[in-house]
Every structure is written in structure tokens, then in C-alpha cells.
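Student:
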Amino acid sequence: MRRHAKRLLLGATALAVTAGATGAAISTAQAETTEPTETAAAPLFIPAPGGEFATGTTQLHLVDEDRTDVWVPEGDRELMVTMWYPTAETEGATAPYMTPEEGALFGAQLQLPGELLASIETNSVSGAEPLADDGSLPLVVLSPGFSFPRATLTGMAEELASQGYAVAAVGHNYEAPITFPDGRTTECLACQDLDDKTLVPNRAEDLSFVLDELTGDDAAWEDAGIIDAERIVVGGHSIGGASSHRAMHADDRFDAGFNLDGTFFALDPHKLDRPFMMVGGGDDHGAPGQDDTWDKAWKKLDDWKRWITVSGTTHSSMTDFGPLGEQAGMNQDDLDGNRSNEIARALVTGFVDTHLRDEPAAVLDPNADWPELVFHNP
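If you count by mature numbering (1 follows the signal peptide of the UniProt record, and there is no 0), then the sequence shown holds residues -24 to -1, 1 to 354, one letter each, in order.
1. If you scan the stretch 219 to 257 from start to end, which runs of the beta strand (DSSP E) of 3 or more residues do you find wholly inside it?
2. Assuming histidine 213 and proline 120 are in contact, meaning their beta carbons sit under 8 Å apart, how far apart are those beta carbons, in whole angstroms?
3. Ignore the nearest five residues each way along the sequence and tell me which others in glycine 27's own chain have a CB closer than 6 Å to its CB.
4. Looking only at its own chain, which residues have a Cβ that is under 7 Å from the Cβ of glycine 288, when we skip the five neighbours before and after it?
5. Taking the continuous alpha helix (DSSP H) assigned at histidine 331, which residues delimit it?
6. What are the boundary residues of the beta strand (DSSP E) that includes threonine 31?
7. Would you kindly check if the distance between the Cβ of alanine 71 and the Cβ of serine 100 is under 7 Å?
8. Could you tell me which residues DSSP pairs with isoleucine 154 in its beta bridges?
9. Ignore the nearest five residues each way along the sequence and tell me which others in serine 95's own chain have a CB closer than 7 Å to its CB.
10. Assuming arginine 160 and glycine 147 form a contact by the criterion Cβ under 8 Å, report the distance between their Cβ atoms to the nearest whole angstrom.
11. Which class does valine 339 belong to by DSSP, given the choice of helix, strand or coil?
12. Taking C-alpha atoms, which residue in Leu175, Asp52, Ser123, Thr33 lies nearest to threonine 130?
13. Hey, quick one: how far does the alpha helix (DSSP H) through methionine 132 stretch, first residue to last?
14. Per the contact definition of three or more C-beta pairs closer than 8 Å, is the stretch 79 to 93 in contact with the stretch 223 to 242?
15. Using 8 Å for Cβ pairs, my map puts glutamate 65 next to alanine 108. What's the rounded Cβ distance?
16. Taking threonine 285 and glycine 301 to be in contact with their CB atoms under 8 Å, please state how far apart those CB atoms are, rounded to whole angstroms.
17. What are the boundary residues of the beta strand (DSSP E) that alanine 142 is part of?
18. Which word fits glutamate 97, buried or exposed, when buried means at least 16 other C-beta atoms lie within 10 angstroms of its C-beta?
19. Please report the straight-line C-alpha distance between serine 292 and leucine 183, rounded to a whole angstrom.
20. Determine whether the beta carbon atoms of leucine 88 and valine 116 lie at a separation below 7 Å.
21. If you draw a straight line from the C-alpha of aspartate 334 to the C-alpha of glycine 51, how long is it?
22. Using alpha carbons as the reference points, say which of Ala69, Phe185, Asp158 lies closest to arginine 53.
23. Per DSSP, what are the beta-bridge partners of aspartate 52 in this structure?
24. Output needed for asparagine 317: all residues of its chain with C-beta closer than 7 Å, excluding positions within five of it in sequence on either side, in chain order.
25. Across the stretch 77 to 84 and the stretch 184 to 203, are there enough close Cβ pairs to call them in contact, namely three or more that are closer than 8 Å?
26. Would the beta-carbon of leucine 123 fall within 7 Å of that of arginine 179?
27. With H, G and I counted as helix, E and B as strand and the rest as coil, what does DSSP make of lysine 276?
28. Take glutamate 206 as the anchor and find which of Lys272, Val176, Leu113 has the nearest alpha-carbon.
29. Within 10 Å of its beta-carbon, does aspartate 279 have 16 or more other beta-carbons around it, so buried, or fewer, so exposed?
30. Roughly how many angstroms separate the alpha carbons of isoleucine 2 and alanine 304, rounded to a whole number?
31. So, at 6 Å on beta carbons, what are the nonlocal neighbours of valine 176 in its own chain, with the 5 sequence-adjacent residues on each side left out?
32. Just to confirm, is the Cβ distance from threonine 162 to threonine 75 under 7 Å?
33. Measuring only the C-alpha atoms, how far is aspartate 296 from threonine 128?
34. Assuming glycine 258 and threonine 290 form a contact by the criterion Cβ under 8 Å, report the distance between their Cβ atoms to the nearest whole angstrom.
35. Measure from the alpha carbon of valine 57 to the alpha carbon of each residue in Gln35, Gly216, Glu78, then state which is nearest.
36. With a cut-off of 8 Å on the beta carbons, I'd call methionine 294 and leucine 236 a contact; round off their distance for me.
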């Protein structure tokens, strides 16, 4: 197994704030042995989004009947997708962060109580009616890190929805704990025998299938009419970022993409002729950095591009683990977790504003007054 693939298997502790340079925690048996960490007594919460709109959310169960599952070949490929969107509704129960079963499995990876993860408070009203119905909302498709539930990108998704975007976070079956509507909860089978050459192309197919289901004539979501199918960004954390890059090569419906601290496994050798942003943490993704796949990917980006390192952060700082780790007193980064969260939201919303709304964002200017950001132009 290659050096970076090995590091993908490193265990995560302390809410995965220091989850290794290129990957995440997987099964308890494969995780590094650490002493359990005491957790904060107060409930953890996703920081409120900063846009002008309230946010709603719903869950979709999608089945690709034309594709067998690479991890369980006797079955069709199944996905769970969480949608977020602007709404006028501010009353009603907010959606759970993850199910108790997902929390238990993911908590075992992190050596944390499952109920702590399942009880995290979110900001979006479950089942709220979308504010728009006229196909005017640009779409952002998100893919989480390997073994990470899609819930770990909730803060990013809520921020985008509050700014007027439709957001779809994809739960890739058998690559993280997933609970389905019929009560089944599947585990990370891929974690038992990592095959990154299969993982990334398969995820890229997942992302294109989700796009089919959200923008086709027979859309799987009853409110899919809110989506503007001509304005779509795809991006993700870790392996989700690598998969987003791969999906752009395979599917030109994705107008732009981004990678948050992910090694470019199964890197497509061809040039990419649409905008792409690379945001890294720590020493791995500087220029030069320890992860040489970033140098290779950068040279093949043939349109608008940014390579940005966020000083004082580690692999999972750009996910919900930044602010959650700070709240729980577990942040082991040099940078405050709330500041990591502010920077991540600013970079991603700035990127999609630039490329889906033609509204340039100052945070993406190499001369921007964001002291933690280092812009690389090798």
C-alpha cells in the first residue's frame, strides 16, 4: 500500500481534529490506541449560518438500479442524500445531526460516546418547505471524507443554504455508517480492505448519479424544481475532494469543484478545463508539501485555480470537527476551531459565489487580508 494510502488508515481521536494528514479514522480495531477523552457536559452544536435565509432539510434514499454495489456486489448501489435549502419557515423541530446508530458506529471510530454525536444540535428545520420553486437555486454537491458520515459537513451545507444555495451531501454506502429509512444501518465495509483505486471512481459515479436524480425529468426529490441545473459545483473533504475532482473529469455538468485537504487518489492524468480550488491544512499541503499528488493535480488544472493552505489547521479542521472540537475542549490545532470554521465557510461560499453567481470574493484574492491563508502559485 502506498505511503498516502497507509496514512488514510490512521486513527482519529479528539473529535478527529488531528485525524492524520490525508485520511480519517476507520474501525476501532484499526484505530490507534489512545486514552478516552472526557467530553464537555454542555450539548454540542453546529454554529448558526450567516446568510439571510433560514434553512430547511430533508433526506433522500436513492437506488441506482443500473449499477451493482462494488462493496456488496449482490445488491444495487444505494445512497442516502441530505438536502439543505433556503426556507421561510423558522418554527419546527431541527433535524438530528445523525441517527443514534450512526453515532454509535462513528463514535466507536473516534472513541467517543455515540450519544454525544447523535445529540449535536443543528439549525435546519426538518421537512420545511423550500423558499424557491422556480429553478433559480444553484446546487452544491458535497462528498465527505472516508469513513466520515455526511453529517460532518452539516455546518458548511447550512451556511451555503442560508446564502441561497441548494445543497446535497452524499452518504456513500458501506464507506461510513448510514441509516436507511427502513431502519437498516450499514457499516464501513470498505474500511476493512481499503482500495482507493476503486473507491474514488466509484464515488465519482455516485456523484453523477445523484445529479441525475436531482436534475432529470423524473427527479427523485419532489422539490427538485428549485434547482438550477445549469449552475452546479461539486466538492468535498479528504477522499470526497479527490472524488469531486474525478467526477468533474467524467461529467461536464459540474461547473467547478473543490478539495478540502484530500490526497488525489486515482488522479485523472488529463487536464481539467473548469475552475478548481484546493484548500489544505498543516504541512502536507503546502507548496512543496509532503503530499506530491497536489503538485501533480495543480499542473493539470487549466482554468481558474487556487491552492491555499490554512495555517494552524489539520486534516479535519475544515469540517464540523473544527468548531465541535473547540466546544468540547478537544481542539488540538494551533488555530481556534471557530476560526477554522469561519475560514472554511468563507472560502467555500466565496468559491461558489465566484463561479456560480459571477460575484468575485475577496477571500480568494491572494492579497486578501486573511492572515491564516497562504496562497501557492508554483
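All C-beta atoms, glycine included, are put in the ideal place defined by N, C-alpha and C.
Tutor: According to the structure shown:
1. 232 to 236, 252 to 257
2. Position 237 of the sequence shown, counted from the start, is the residue given in the question as residue 213. Position 144 of the sequence shown, counted from the start, is the residue given in the question as residue 120. Yes, histidine 213 and proline 120 are in contact; Cβ-Cβ is about 6 Å, under 8 Å.
3. Numbered from its first residue, the sequence shown carries residue 27 at position 51. Cβ within range, chain order: Ser138, Gln139.
4. Within the sequence shown, residue 288 is the residue found at index 312, counting from 1. So the qualifying residues of the chain are Asp309, Asp310, Leu311, Glu348.
5. The sequence position of residue 331 within the sequence shown is 355, counting from 1. Histidine 331 -> alpha helix (DSSP H) spans 313 to 332.
6. One-based indexing of the sequence shown puts residue 31 at position 55. That run of the beta strand (DSSP E) goes 30 to 44.
7. For the purposes of this step, residue 100 is identified with residue 124 of the sequence shown, where counting begins at 1. For the purposes of this step, residue 71 is identified with residue 95 of the sequence shown, where counting begins at 1. Result yes, Cβ atoms of serine 100 and alanine 71 sit closer than 7 Å.
8. The residue you call residue 154 lines up with position 178 of the sequence shown. Thr162, per the DSSP bridge assignment.
9. What you label residue 95 is simply residue 119 of the sequence shown in a count that begins at 1. If we look at serine 95 and ignore the five residues flanking it on each side, its Cβ neighbours are Pro19.
10. Position 184 of the sequence shown, counted from the first residue, corresponds to residue 160. Position 171 of the sequence shown, counted from the first residue, corresponds to residue 147. That belief does not hold up - the Cβ atoms of arginine 160 and glycine 147 are roughly 13 Å apart, past 8 Å.
11. Indexing the sequence shown from 1 puts residue 339 at position 363. Three-state DSSP puts valine 339 in a helix.
12. Residue numbering aside, residue 130 sits at position 154 when the sequence shown is read from its first letter. If we check each option's Cα against that of threonine 130, Thr33 comes out closest.
13. By 1-based counting over the sequence shown, the position of residue 132 is 156. 130 to 138 is the extent of the alpha helix (DSSP H) around methionine 132.
14. no
15. Mapped onto the sequence shown, residue 65 falls at position 89. Mapped onto the sequence shown, residue 108 falls at position 132. That belief does not hold up - the Cβ atoms of glutamate 65 and alanine 108 are roughly 13 Å apart, past 8 Å.
16. Taking the sequence shown and counting its residues from 1, the one referred to as residue 285 is at position 309. Taking the sequence shown and counting its residues from 1, the one referred to as residue 301 is at position 325. About 20 Å separates the two Cβ atoms, so there is no contact after all.
17. What you label residue 142 is simply residue 166 of the sequence shown in a count that begins at 1. Element bounds for alanine 142: 142 to 148.
18. For this step, residue 97 is matched to residue 121 along the sequence shown. Result: exposed.
19. Here residue 292 refers to the residue found at position 316 of the sequence shown. Here residue 183 refers to the residue found at position 207 of the sequence shown. The straight-line gap from Cα to Cα measures roughly 21 Å.
20. Counting from 1 along the sequence shown, the entry for residue 88 is found at position 112. Counting from 1 along the sequence shown, the entry for residue 116 is found at position 140. Cβ distance not < 7 Å, so leucine 88 and valine 116 don't count as in contact.
21. The residue you call residue 334 lines up with position 358 of the sequence shown. The residue you call residue 51 lines up with position 75 of the sequence shown. Those two C-alpha atoms are separated by around 42 Å.
22. Stepping through the sequence shown from its first residue, residue 53 is reached at position 77. Arginine 53 has its Cα closest to that of Phe185, out of Ala69, Phe185, Asp158.
23. Counted from its first residue, the sequence shown places residue 52 at position 76. Note: aspartate 52 sits in a beta bridge opposite Thr44.
24. In the sequence shown, residue 317 corresponds to position 341, counting from 1. Taken in chain order, the residues that qualify are Pro23, Gly131, Gly298, Pro299.
25. no
26. One-based indexing of the sequence shown puts residue 123 at position 147. One-based indexing of the sequence shown puts residue 179 at position 203. The amino acid occupying residue 123 in the given sequence is serine; leucine does not appear at that position. Result no, Cβ atoms of serine 123 and arginine 179 do not sit closer than 7 Å.
27. As a first step, residue 276 must be located in the sequence shown, where it is residue number 300. In this structure, lysine 276 counts as coil in the three-state DSSP scheme.
28. Locating residue 206 in the sequence shown gives position 230, where the first residue counts as 1. Comparing Cα-Cα distances from glutamate 206 to each of Lys272, Val176, Leu113, the minimum goes to Leu113.
29. Here residue 279 refers to the residue found at position 303 of the sequence shown. So aspartate 279 counts as exposed.
30. In the sequence shown, residue 2 corresponds to position 26, counting from 1. In the sequence shown, residue 304 corresponds to position 328, counting from 1. The pLDDT assigned to isoleucine 2 is 32, lower than 50, so where the model puts this residue is not dependable; a value taken from the coordinates is nonetheless given after this. Spanning the two alpha carbons is a distance of roughly 21 Å.
31. Your numbering for residue 176 matches position 200 in the sequence shown. Once the five neighbours on either side are set aside, the close Cβ partners of valine 176 are Ala218, Ser219, Arg222, Phe241, Ala242.
32. Here residue 162 refers to the residue found at position 186 when the sequence shown is read from its first residue. Here residue 75 refers to the residue found at position 99 when the sequence shown is read from its first residue. For threonine 162 and threonine 75, no; Cβs fall outside 7 Å.
33. Looking up residue 296 in the sequence shown gives position 320. Looking up residue 128 in the sequence shown gives position 152. Taking the straight line joining both Cα atoms gives about 5 Å.
34. Locating residue 258 in the sequence shown gives position 282, where the first residue counts as 1. Locating residue 290 in the sequence shown gives position 314, where the first residue counts as 1. Their Cβ separation, rounded to whole angstroms, is 5 Å, which keeps glycine 258 and threonine 290 in contact under 8 Å.
35. The residue given as residue 57 occupies position 81 in the sequence shown. The shortest C-alpha separation from valine 57 is found at Gln35.
36. Numbered from its first residue, the sequence shown carries residue 294 at position 318. Numbered from its first residue, the sequence shown carries residue 236 at position 260. About 4 Å; that satisfies the 8 Å criterion.
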